[in-house]
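As you go down the protein sequences, you meet chains A and B in turn.
Numbering-wise (my numbering), the first sequence opens with residue 1 and increments by one.
Numbering-wise (my numbering), the second sequence opens with residue 1 and increments by one.
Where a beta carbon is used, it is the ideal one built from N, C-alpha and C, also for glycine.
Owing to the predicted nature of the structure, the values given are computational and were not obtained by experimental measurement.
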Amino acid sequence: MNLSDYPGFKRLRFDTELKAFNGLISLFLSSADRVKKSGKKVVATGPLSPVDPIYASGALAYDPYTHETIVHAVMNENLNLTSQALDAGLNSDFNPWNLIMLGSVVSGKNEIPIDMYSTACGCWGDQIKKCWQIMAEATGSPSYFWEIPRFDTESEKWALGFLIKELEQLIRWLASQTGQKVTNEILGDAIRRGNLLRQDLLEITKWLQSPNIPISALEYYMTQILIGDYAQDPEALHNQYQALIEELEERVKKGVAAPGLKSKKPARIYLMGEETQAFQLFNIIEDYGGVLVGCDSRLSLYYELIKEDEPPINALAKWIWKMPHNLPTAERVKATIPFIRQQKPDAIIISSVVGSRNLPGAEILVRDIIRDELGIPILSIETTLPLENIEKVDYQIRAFIEMNT
Amino acid sequence: MGDIINFNNRGLLESLASRLEQEPERITQEKRRGKKVVGYFCPHVPEELILAAGMLPLRLAFGGELEPATAGEDFLKSYSCPYARSCLGYRKLGNNFYYNAVDAVCVAYTCDSMRRNQEYWAKYFGVPAFPLGLTQTHDRFRSKPQAIEYFKNELNLLQRRLGEFSGQDIKDGEIRKAIALCNKIREKLWSLYEYPRNKRTPIEWRDILDITHAGFLMERADFVHELEKIDQELRGKSLEEIPLDTRPRLMIGGSVIGIGDHKVLDIIKQAGGNIVADSTCTGSMFSRKRVTVFGIIGSPIDALAERYLYNIPCPFMTDLPKRLNRVTKIARDYGVHGLIYYNLKYCDTWRAEFKFIKDTLYKELSVPSLLIETDYSPTDVGTIRTKVEAFLEMLGGQV
């Protein structure tokens, strides 16, 4: 597989020496074959929706929001799918991730065939659930929503009670679709496999604390966002992550930094906010002498492991309740700050996606809290579809890094 | 500060209009006497709790003005809903009495943009902002009993917080009284909304909308008194003497129509359209469904939870079939010829449902729909007028 076979990837600078990363991309791109061979049903689930219950029910989780958009928009630069999304009922000012995803599904161009739609509805992402409704309706597929509503910090008792009932109902629904009963043992196994992946990502993220960071920004970002659905094969993904960890360990032992880094004393940049389709951003950070020391687009899902010494549904409910993206903004940011601090950033970039109403709506508060708590410079950027707006982002990042080195 | 509401039917609504003009002075006096004012934005917040706490509720639902929407961009991005931005912008600008008057706000956790009001009013305006969580995935079949348990807990929490804020415990008896008062308002308003079903109606939907909006700002007992006066006057009219209205009958649905947000309504009227029904949260949906407390032992919080959770769901909730059924029923009951779907720019939840609603109305009733996407800028008046005129001309052949 040659990454430069894809027009969108041709514009990007990859770390071609990092063999395990190539393996990760191959895993991502071979999902359709794996799904077909497995004969299992596929559940489309949103990007921040925990997937362990899906695997426990004997189905495969699939994140079309990420997968379809990366394949069609980022890799193949096929942005025409947005018009299909408009025909299906969205507006051009929606989040471009949703436009591409919806366009691919309603036009039948989705990479992986989907049997049903189920996602969590939280204090985030109205557009996601609307897209799920439209996609299910357009394809005549069953759909089920479960939710993680607003909770106060003082409402732990009823929060957990609610979440446990939601999860029980979700699991019953999934089981009714797959015909596989889900016992505590089976759910526990799914959680254990998920924990291996959570642990892998936490280890990879720890390398970003090193003085010679062994993984480039683009590779780290893609490692994080590609696997929210466990690539339809948690074990294969874990093996790939382990291979990546070994390579990174080797680099660290030899004192070798990632080849993309241009500066001996790079500005340590932490990226917060929404995942961007403008992958060039990550090369740009390094081009101007920065280095990525963290990115929390999806890291919320991986900060902590789910406890394995408790009844699995209870443990899953507790973990969900504490996930930062399920908390109100101020609490979310404060929960994230210890993780940011340990990465020792010099500056923060907050990424918003034009058309998203979720995180951009919270940006001012996030900025103010970060400023109060960390006292480091912050840059806000906005991106849309790949290639759009990238010149402006280039100038902004260049100026920002120059000011902070 | 000029007319808050530019009442069309000044004759019928003279008393209400005069009464409304006195509200700022009355509220100021009440505040001097130590009474607190609590604002809220969404109809999912039970104002009964605010009343029961001895405080004055105000539904802050102004819209239609560009300046507050722009001022709100200090907090929300320009690509967020103008109504949500206005909720912040009015307070920031400081030139709307009602937004300045509130001592606290209650914010229901609804859509992505509106939710921000809770954090921003607290942090940037220093106004206590009490959140109220709502479930999104409950449905009309009550398939998730945990949803109402969750909401009851949230209401209990809100009750406690409002009680602490007001300095008095909120007792069940006070909640029952407040429920009775609000139910009376709902009954009276609902009976008004029934009039335009008839082609000979003594009051137009637009007037009823103005009355509803006035009620958001008035002392509630006074509002009931005014509603009774209007009701009495309307009952005294003979329907046979009212000319038959032959204009195309329209329903308006979609995004919130704020107090003062008249751009599209004026265009429709000038073009010769007659709005007879709506499915908006600042219109008839606000007054639909009573709170029913069962006997003397029924829990008022249970009753509030049942009413406020299972009213017509806002589109941030996933029970789309219930909304479709409701829109279809209204269109059928009111003999509607066409739907004007009013969608504020960046209002995702309503926008994403337009195709479902349009297809359903056409399939069930052969009623066509016109999508009007706009914001609070006056620059698209000409374009909207052309669309509405063309739509009415098309309907004219079917009327």
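Between residue i and chain B, is any beta-carbon pair separated by less than 7 angstroms?
{"i": "G273(A)", "result": "no"}
{"i": "P311(A)", "result": "no"}
{"i": "D126(A)", "result": "yes"}
{"i": "E373(A)", "result": "no"}
{"i": "I364(A)", "result": "yes"}
{"i": "W321(A)", "result": "no"}
{"i": "E331(A)", "result": "no"}
{"i": "R367(A)", "result": "no"}
Using a Cβ-Cβ cutoff of less than 8 angstroms, which residues in the same chain neighbour residue i once the five nearest sequence positions on both sides are dropped?
{"i": "F94(A)", "result": "A85, Q127, G355"}
{"i": "E119(B)", "result": "A129"}
{"i": "A305(B)", "result": "I148, F151, K152, L155"}
{"i": "E353(B)", "result": "P315, L320, R323"}
{"i": "E17(A)", "result": "P259"}
Could you tell me whether the Cβ of residue i comes closer than 7 angstroms to any Cβ of chain A?
{"i": "Y341(B)", "result": "no"}
{"i": "L76(B)", "result": "yes"}
{"i": "R351(B)", "result": "yes"}
{"i": "T318(B)", "result": "yes"}
{"i": "R116(B)", "result": "yes"}
{"i": "Y150(B)", "result": "yes"}
{"i": "C111(B)", "result": "yes"}
{"i": "Q136(B)", "result": "yes"}
{"i": "S15(B)", "result": "no"}
{"i": "E119(B)", "result": "yes"}
{"i": "Q146(B)", "result": "yes"}
{"i": "D407(B)", "result": "Outside the shown range of chain B, which is 1 to 399, sits residue 407(B), and nothing can be said about it."}
{"i": "N325(B)", "result": "no"}
{"i": "K92(B)", "result": "no"}
{"i": "Y79(B)", "result": "yes"}
{"i": "G133(B)", "result": "yes"}
In the DSSP assignment, what residue or residues form a beta bridge with residue i?
{"i": "T383(A)", "result": "V353(A)"}
{"i": "W146(A)", "result": "A120(A)"}
{"i": "I340(B)", "result": "I252(B), L370(B)"}
{"i": "V38(B)", "result": "P57(B), A104(B)"}
{"i": "R268(A)", "result": "V291(A)"}
{"i": "S279(B)", "result": "G253(B)"}
{"i": "P131(B)", "result": "V107(B)"}
{"i": "F259(B)", "result": "Per the sequence shown, the amino acid found at residue 259(B) is Ile instead of Phe. F62(B), per the DSSP bridge assignment."}
{"i": "A61(A)", "result": "V43(A)"}
{"i": "A84(B)", "result": "None, per the DSSP bridge assignment."}
Round the Cβ separation of residue i and residue j to the nearest angstrom and send it over; I've been treating them as touching at under 8 angstroms.
{"i": "S31(A)", "j": "Q232(A)", "result": "5 angstroms"}
{"i": "V224(B)", "j": "L181(B)", "result": "7 angstroms"}
{"i": "L234(B)", "j": "P202(B)", "result": "5 angstroms"}
{"i": "N343(B)", "j": "S255(B)", "result": "5 angstroms"}
{"i": "A104(B)", "j": "S86(B)", "result": "Not confirmed; about 19 angstroms, so no contact."}
{"i": "I337(A)", "j": "L374(A)", "result": "7 angstroms"}
I'd like the list of long-range same chain contacts for residue i, defined as Cβ closer than 7 angstroms, with 5 residues on each side in sequence excluded.
{"i": "L244(B)", "result": "K199, R200"}
{"i": "L359(A)", "result": "G273, E274, S352"}
{"i": "E23(B)", "result": "L217, M218"}
{"i": "R10(B)", "result": "A17"}
{"i": "K329(B)", "result": "none"}
{"i": "S7(B)", "result": "According to the sequence shown, residue 7(B) is Phe rather than Ser. The answer, listed in chain order, is L13, A17, D210."}
{"i": "Y302(A)", "result": "R198, L201, L202"}
{"i": "L237(A)", "result": "L27, L197, I227, Y230, A231"}
By the three-class DSSP mapping on this structure, what secondary structure does residue i have?
{"i": "S297(A)", "result": "coil"}
{"i": "F400(A)", "result": "helix"}
{"i": "G194(A)", "result": "helix"}
{"i": "F151(A)", "result": "coil"}
{"i": "F391(B)", "result": "helix"}
{"i": "N274(B)", "result": "strand"}
{"i": "P300(B)", "result": "helix"}
{"i": "G173(B)", "result": "helix"}
{"i": "I100(A)", "result": "helix"}
{"i": "G273(A)", "result": "strand"}
{"i": "I245(A)", "result": "helix"}
{"i": "F215(A)", "result": "Checking the displayed sequence, the identity of residue 215(A) turns out to be Ile instead of Phe. It is coil, neither helix nor strand."}
{"i": "L376(A)", "result": "The sequence shown places Ile at residue 376(A), rather than the Leu named in the question. Here I376(A) sits in coil by DSSP."}
CB-CB under 6 angstroms to residue i, same chain, minus the five flanking residues each way: which ones, in chain order?
{"i": "G103(A)", "result": "L81, T82, Q84, A85"}
{"i": "Y241(A)", "result": "D200"}
{"i": "L227(B)", "result": "K188"}
- Of the residues that make up the region 91-114 of chain A, which ones have a beta carbon closer than 7 angstroms to any beta carbon in chain E? Chain labels in this structure do not include chain E; the protein chains are A and B.
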